[in-house]
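K.L.:
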Amino acid sequence: MKSITTPGPGFFMRSHENSPYAWVDSMMSPSAKDTLTIIDKRTLAPVAQVKEPGRTLAHIEFTRDGRHALASVWEVDGAIVVYDAATFKEVKRLPMSKPVGKYNVYNKITRSEGTSH
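Just so we're aligned: the sequence shown equals residues -13 to 103 in the numbering used here.
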């Protein structure tokens, strides 16, 4: 067993069979709700973080092919942020109010590794 340090307690952890990484939010943390930690599944070491300073960043889901990770900026003036799942760089931002529930139906029904079922 190994403990992995993150900036604080979270709610969502997701991965994909085509990704060597797991993405974890810290949305329950008063001081780090704006941070996603990216963990290498092979070493169990945190390798990167993405942030939305002062905002709640949470609820990771992957696209069908695993090339992109989708995160919710869970605020009234929020967005869904699309990240390149290999480089962790932002690809696109879709403005919306408190986005949540962007479940990938294909990943769910095929029982994709890394998705909750």
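Even glycine gets a Cβ: it sits at the ideal position worked out from N, Cα and C.
Expressed to the nearest angstrom, what Euclidean distance is found between the alpha-carbon atoms of threonine 29 and serine 1?
P.N.:
Spanning the two alpha carbons is a distance of roughly 15 angstroms.
K.L.:
Please work out which residues of its chain come closer than 6 angstroms, Cβ to Cβ, to asparagine 4, disregarding the five sequence neighbours upstream and downstream, and give them in chain order.
P.N.:
Cβ neighbours of asparagine 4 beyond the five flanking positions: Gly52.
K.L.:
Under 9 angstroms between the Cβ atoms of valine 59 and arginine 41?
P.N.:
Closer than 9 angstroms, so yes.
K.L.:
In terms of alpha-carbon separation, which member of Asp26, Pro32, Val33, Gly(-4) lies closest to serine 17?
P.N.:
Considering only alpha carbons, the answer is Gly(-4).
K.L.:
Going by beta carbon distance, what residues of the same chain come within less than 6 angstroms of tryptophan 9, once the five residues before and after it are set aside?
P.N.:
Once the five neighbours on either side are set aside, the close Cβ partners of tryptophan 9 are Arg0, Leu22, Ile24, Ile46, Ala55.
K.L.:
Within 10 angstroms of the Cβ of threonine -8, are there 16 or more other Cβ atoms? Answer buried if so, exposed if not.
P.N.:
So threonine -8 counts as buried.
K.L.:
In terms of alpha-carbon separation, which member of Asp63, Lys78, Asp26 lies closest to aspartate 70?
P.N.:
The shortest C-alpha separation from aspartate 70 is found at Lys78.
K.L.:
Taking 7 angstroms as the limit between beta carbons, can you name the residues of its chain near lysine 27, skipping five residues before and five after?
P.N.:
The answer, listed in chain order, is Ser1, Pro6, Tyr7, Ala8.
K.L.:
Compare the C-alpha of serine 83 against each of Asp63, Ser12, Lys75 and name the closest.
P.N.:
Ranking the options by Cα distance to serine 83, first place goes to Asp63.
K.L.:
Measuring alpha carbon to alpha carbon, tell me which of Leu43, Lys75, Glu76 ends up nearest serine 15.
P.N.:
Taking only the C-alpha atoms, the option nearest serine 15 is Leu43.
K.L.:
Are the CB atoms of alanine 65 and valine 36 nearer to each other than 9 angstroms?
P.N.:
No, they are not a contact pair.
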